[in-house]
Amino acid sequence: MGYPHKSHPRETPILSKHFGDPDARTLSGWRQRGGYRALEQALGTSPADIVNVVKESGLRGRGGAGFPTGMKWSFMKPGDGKPHYLCCNADESEPGTFKDREIMRWTPHALIEGCAIGAHAIGAETAYIYIRGEFTEPIRVMEEAVRDAYRDGILGKNAMGSGKRVDVHVHRGAGAYICGEETALMNSLEGRRGNPRIKPPFPAVAGLFGQPTTINNVETLTAVPHILTNGAAWYKAMSLSSPKSTGSKLFSVCGNIRKPGNYEITMGFPFKEFLYDLCGGPLPGRKFKAIIPGGSSVPIQTVEEAEATLMDYEGFVAQGTMLGSGGVIVFDDSQCMVKQIARLARFYAHESCAQCTQCREGTAWTTRILERIEHGEGTMEDLDTLLEIGDNMTGKTICVLSDSCATPVASGIKKWRNEFEAHIKQKRCPMRTAVAA
Amino acid sequence: MSAREEGGLHAPAHASHSSAGHGHPAEHTPVFTGDNRKKLDEILSRYPSKMAALLPALWIAQDEQGWVSEGAMAEIAGLLELTPAYVKGVVTFYTMYHQHPVGRHFIQVCTTSPCGVCGAEDVAKAFLKHTGCGELGVTSPDGKYTVIEVECLGACGFATPIMINDDFIESVTPERVPEILGTLK
Ligand SMILES: Cc1cc2nc3c(=O)[nH]c(=O)nc-3n(C[C@H](O)[C@H](O)[C@H](O)COP(=O)(O)O)c2cc1C
Ligand code: FES
């Protein structure tokens, strides 16, 4: 166990500065590194002022949708006489994404501090950190850190001597990708099946336990203490590109690449330099073939598109995809795109909560047809059928899991159509030798 | 085809060699006594509803019994003022609760695409071979092992990650499998 690489000189380690340093995990170690000063300051500041700083900083949600965090917080009406809740989304199950895991493993107090500040800013006394059930080590580390924070009076009915109550609890999930969707997460926390809820009402009106609720990703909340300490202008100035994408961002990199791992860069970093200089480029003797830059739910990029991309919310959109969760999945020229896309579809079929017909049936049909093509039993009509099913799966369901399955399939067929057709014409995978097939 | 329905895409984990959990409801030894009861009471204090303690209570039961029996579901239902049918409905939604006894070492191998392109399928095959399980979801004749494939474990940069009970092991290759199994009792 350990952090896979030393920080590259071109990274901007803010959230990841202490990854790999076991001392930073402890409360005393965290305090020595400046921890909990931002919380102390925040507890003496009015919620409205904190929301304004976060708004001003341009921070956007790191969980996938990129919604402006300060604006989300401003939907929580102070003084409405209702209990408010903060949910920290640590379900991290989007294939290709493994950054929140590192934040929790190495800097648990950074997340607690972010949660406590967030709770205060939205008028909540309680924050729940919902961690996917498989993250046994992060759960253990977070629970220990929460215990220490209570023991030290950082959390509890008189948080840091402020007279304000701040409770933070760790809640363990039990295996379900869909529980990362914010309304499914709330259902799961309440002790229900993790089915997403119909919106409206939005969580800020009626969320957890029917009360006003804000849901934020781990990385989003962990950025907040830095913004309060260093100021909104500092955060904004970090961007290399668009004023709409500010600050630093963790990208998880995996698949066929020399140096997989987590990298923290400032928004607007050139994707080409990222892939070749920071991550070491393709494996020896190989070439990149396809790249999914934002977790498995976003459109797949060709190498040309990826190499022309600036890494921020707008930059990825300009090259036909999305920043998403920042999970970069790399496929090289040894991979069959049909097989890979079929396997992704299988993931969504397995994870569909089965509530909406379009998703339940669509993800299953898509998987069966793709696997049929992969095994050399497909027809040309299958390609049209896939796109048609995809159309019916997009924008028609309670949550976007259905869309997330259709998206990589549609982009895959569009960009690697020749590979699909070769499977159909040759009645086998052309990348396997005739003997093996 | 969804895992949330019967007959999901992956073989569900069930122990074909064990009779427990089938036929007559076995005698249930209460889970929530002593320390477990104290733990549950502490957990209940964190939420405004009793129902919110359901997932944590199921974890306590599984930690105690190795799986979640009908008896445990009924006991939890009583404690949280729910019906046993409701509890079962929740249990069946989540993939990590075992509805049948499983091998003493429950092995989960991630085979989703990012791990798949790094050779995860061969890792799963190596576990099936060296444990004697032969097939996914089937417990080995000695009751020691159950191997299943799972979706993304959230550690894709450390392909191939696996879990053995609560232990998370990164960067597993087929070559490491005998050594890993050798450390298990
Ligand atoms: C199917 C699905 C899965 C999701 N999984 C996650 C997840 O694991 N972690 C996460 O932070 N957000 C996830 N999201 C996004 C959340 O719904 C939500 O937008 C996010 O947690 C909000 O936090 P943010 O504004 O800080 O990004 C998922 C969304 C969908 C539709
Ligand atoms: S794909 Fe295997 S851990 Fe994510």
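The listed protein sequences derive, respectively, from chains V and A. Position in the first sequence (first residue = 1) + 108 = our numbering. Position in the second sequence (first residue = 1) + 18 = our numbering. Glycine residues also receive a C-beta, built at the ideal position from the N, C-alpha and C atoms. In this text the structure is predicted, and so the values were computed from the model without any measurement.
Spatial neighbours of G388/V in its own chain (CB-CB distance under 8 angstroms, excluding positions within 5 residues in sequence) are listed in chain order as I365, R366, K367. Shown here for K143/A: same chain residues with a beta carbon closer than 8 angstroms to its own, the five before and five after excluded, namely P192 in chain order.
As for any beta strand (DSSP E) of minimum length 3 sitting wholly inside the region 335-411 of chain V, the runs are 356-363, 369-374, 396-400, ordered along the chain. Between the region 397-406 of chain V and the region 424-442 of chain V, the count of C-beta pairs closer than 8 angstroms reaches three or more; the two stretches touch.
Assignment of beta-bridge partners to A235/V by DSSP yields L194/V, V276/V.
Annotation: Cβ neighbours of M69/A in chain V (cutoff 7 angstroms, chain order): E298, G299. A Cβ of chain A is located within less than 8 angstroms of the beta carbon of H458/V. In terms of beta-carbon proximity, S158/A stays away from the interface with chain V, with every pair separated by 8 angstroms or more. Scanning its chain for C-beta atoms nearer than 7 angstroms, with the 5 sequence neighbours on each side dropped, one finds around Q126/A the residues I166, V168, I180, M181, in chain order.
In this structure, the alpha-carbon of I521/V lies about 13 angstroms from that of L452/V.
Legend: CB atoms of the region 431-458 of chain V lying less than 9 angstroms from CB atoms of chain A belong to residues G435, I437, V438, F439, D440, S442, Q443, K447, Q448, I449, R451, L452, R454, F455, A457, H458. Straight through space, the alpha carbons of T215/V and I408/V are spaced by roughly 32 angstroms. DSSP places Y258/V in the helix class (H, G or I) of the three-state scheme. DSSP places G161/A outside both helix and strand once states are collapsed to three, so it counts as coil. Residue contact with chain V for W85/A: absent (no Cβ-Cβ distance below 8 angstroms to any residue of chain V).
At least 8 angstroms separates the beta-carbon of A514/V from that of T505/V.
At least one heavy atom of ligand 1 lies less than 7 angstroms from the C-beta of V508/V. Annotation note: the region 465-539 of chain V contains the following uninterrupted alpha helix (DSSP H) runs of length 4 or greater, listed N- to C-terminal: 465-482, 488-501, 509-523, 525-534.
Taking 8 angstroms as the upper bound for CB-CB distance, G204/V and T328/V are not in contact here, some 18 angstroms apart.
Under the Cβ distance rule, E169/A counts among the residues neighbouring chain V, one pair being separated by less than 8 angstroms. Proximity of chain V to F111/A at the Cβ level (cut-off 7 angstroms) is accounted for by A284, R301, G302, in chain order.
In summary, N324/V is buried, with 16 or more beta-carbon neighbours lying within 10 Å of its beta-carbon over all protein chains present. The alpha-carbon of T487/V is positioned some 39 angstroms away from that of H148/A. Note that the C-beta distance between S353/V and E422/V is below 8 angstroms.
A check of alpha carbon separations from L219/V across A450/V, L263/V, T321/V identifies L263/V as the nearest. The beta carbon of A75/A lies closer than 8 angstroms to those of F50, L58, I61, I94, L97, L98 in the same chain, with the five residues before and after it left out. At a cut-off of 8 angstroms, the C-beta of L72/A has a neighbouring C-beta in chain V. With respect to chain V, the C-beta atom of T130/A has a partner C-beta closer than 8 angstroms. Proximity of the beta carbon of T471/V to ligand 1 is not indicated: no heavy atom of the ligand is located closer than 7 angstroms.
Within the model, the alpha-carbon separation for D53/A versus M445/V is close to 52 angstroms. Contact between C195/V and Y236/V holds: their C-beta atoms lie close to 5 angstroms from each other, under 8 angstroms. Counting only residues of its own chain and dropping the five nearest sequence neighbours on each side, F359/V has a CB closer than 6 angstroms to the CB of Y371, G434, V436.
Within 10 angstroms of the beta-carbon of D185/A lie fewer than 16 other beta-carbons, which makes it exposed. K380/V and H116/V have their C-alpha atoms roughly 15 angstroms apart. Within the region 201-249 of chain V, the complete alpha helix (DSSP H) runs of at least 4 residues fall at 207-214, 216-229.
Only residues of its own chain outside the window of five on either side were considered, and among them G143, Y144, A146, L147, P333 have a CB closer than 7 angstroms to the CB of E221/V, listed in chain order.
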